[in-house]
Amino acid sequence: MENSFQVTEDVLASNNMRFVNYLIDLIPQYGIVYGAIYLLFYIAESTSNYALNDFLLELSTLQDYIFTYSIMLGYYFFMEGFTNRTLGKYVTKTLVVTANGNKPTYLDILKRSFCRLIPFDALSFLGAKGKGWHDSLSKTYVVDVNKFEAKRKLQGELNLIGKQ
1 MENSFQVTED VLASNNMRFV NYLIDLIPQY GIVYGAIYLL FYIAESTSNY
51 ALNDFLLELS TLQDYIFTYS IMLGYYFFME GFTNRTLGKY VTKTLVVTAN
101 GNKPTYLDIL KRSFCRLIPF DALSFLGAKG KGWHDSLSKT YVVDVNKFEA
151 KRKLQGELNL IGKQ
């Protein structure tokens, strides 16, 4: 009698944890953006490439958004793609998983990352507990690691009892 594990609402990260994740994740994102801009200005100045310097100073709003959102997408894709976590999720002890508790595929993470660009995605947390649009559309969940591991262990033990 094999029961497959399913993520349930009791293991989901709270909206407060998710908000803290967001705030913490802003720090490295801003650091990368400002670091990249500083590096580009430094290169422009040290090579006397004033065209690059002028280009950076005259970025349009659209170009600024493209640059900033590219950094954001890259941050979430690489962090969640390789570790199922971001820096914020490490601090709050949360994790990204699929409905059956497995590691999401890179395609799932890519969908999740692009869904963050949806206007008002952050407001989607005013609804269901711990579930935003970027979670729903990518069919992923952010779970509290301690609750998730405890439930998974219990499920495994129940499956062992059922086999005996």
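If you read the sequence shown in full-length UniProt numbering, its first letter stands for residue 1, the second for the next number, and so on. Backbone N, C-alpha and C define an ideal beta-carbon position, used for all residues, glycine too.
Would you mind sorting Pro119 into buried or exposed? The rule is 16 or more other CB atoms within 10 Å of its CB. Taking the first residue of the sequence shown as 1, we reach residue 119 at position 119. Only exposed fits Pro119, as fewer than 16 other CB atoms lie within 10 angstroms of its CB.
For the beta strand (DSSP E) containing Leu95, list its first residue and its last residue. In the sequence shown, the residue the question calls residue 95 occupies position 95. Secondary structure note for Leu95: its beta strand (DSSP E) is the uninterrupted segment Thr94 to Thr98.
Extent of the continuous beta strand (DSSP E) to which residue 166 belongs: Because the chain is modelled from 1 through 164, residue 166 falls outside the range shown and cannot be assessed.
Could you name each continuous alpha helix (DSSP H) segment of 4 residues or more that falls completely within the UniProt domain "RDD" (17-125), going from the start of the chain to the end? The alpha helix (DSSP H) runs of length 4 or more contained entirely in the UniProt domain "RDD" (17-125) are, from start to end of the chain, 50-57, 61-83, 87-92 and 106-115.
I believe Val91 touches Ile24 by the beta-carbon criterion, under 8 Å. Please report the beta-carbon distance rounded to the nearest angstrom. Stepping through the sequence shown from its first residue, residue 91 is reached at position 91. Stepping through the sequence shown from its first residue, residue 24 is reached at position 24. The C-beta separation of Val91 from Ile24 comes to about 5 Å, placing the pair in contact by the 8 Å criterion.
Contact belief for Gly81 with Ile109 at Cβ below 8 Å, rounded distance in angstroms: On the sequence shown, position 81 is the one that residue 81 refers to. On the sequence shown, position 109 is the one that residue 109 refers to. The pair is a contact, with the Cβ atoms about 5 Å apart (cut-off 8 Å).
Taking buried to mean at least 16 other C-beta atoms within 10 Å of its own C-beta, is Arg48 buried or exposed? Taking the sequence shown and counting its residues from 1, one reaches residue 48 at position 48. For the record, residue 48 in the displayed sequence is Ser; it is not Arg. Ser48 should be labelled exposed.
Test item: CB-CB of Asp135 and Val11 under 8 Å: Position 135 of the sequence shown holds residue 135. Position 11 of the sequence shown holds residue 11. Against a cut-off of 8 Å, the Cβ pair of Val11 and Asp135 comes out as no contact.
Judging by CA-CA distance, which residue of Tyr65, Phe148 and Lys111 is the nearest neighbour of Arg101? Within the sequence shown, numbered from 1, the residue matching residue 101 stands at position 101. Arg is not the amino acid found at residue 101; the sequence shown has Gly there. If we check each option's Cα against that of Gly101, Phe148 comes out closest.
Contact belief for Asn21 with Thr86 at Cβ below 8 Å, rounded distance in angstroms: Sequence index remark: in the sequence shown, residue 21 carries index 21 (1-based). Sequence index remark: in the sequence shown, residue 86 carries index 86 (1-based). Their Cβ separation, rounded to whole angstroms, is 7 Å, which keeps Asn21 and Thr86 in contact under 8 Å.
How many Å lie between Val7 and Gln155 at the Cα? One-based indexing of the sequence shown puts residue 7 at position 7. One-based indexing of the sequence shown puts residue 155 at position 155. Pairing Val7 with Gln155, the inter-Cα distance amounts to about 11 Å.
Is any beta-carbon of chain B found at less than 8 Å from that of Asn16? Looking for chain B here will not work: only one protein chain is present.
Report, in whole angstroms, the separation of the C-beta atoms of Thr98 and Lys139, which I expect to be a contact under 8 Å. Here residue 98 refers to the residue found at position 98 of the sequence shown. Here residue 139 refers to the residue found at position 139 of the sequence shown. Rounded, the Cβ-Cβ distance is 7 Å, consistent with contact.
Using the Cα positions of Lys131 and Phe114, report the straight-line distance between them to the nearest angstrom. Indexing the sequence shown from 1 puts residue 131 at position 131. Indexing the sequence shown from 1 puts residue 114 at position 114. Straight-line Cα distance between these residues: approximately 16 Å.
Quick one, which of Leu117, Tyr50, Lys89 and Tyr42 has its alpha-carbon nearest Tyr65's? By 1-based counting over the sequence shown, the position of residue 65 is 65. Among Leu117, Tyr50, Lys89 and Tyr42, the Cα nearest to that of Tyr65 is on Leu117.
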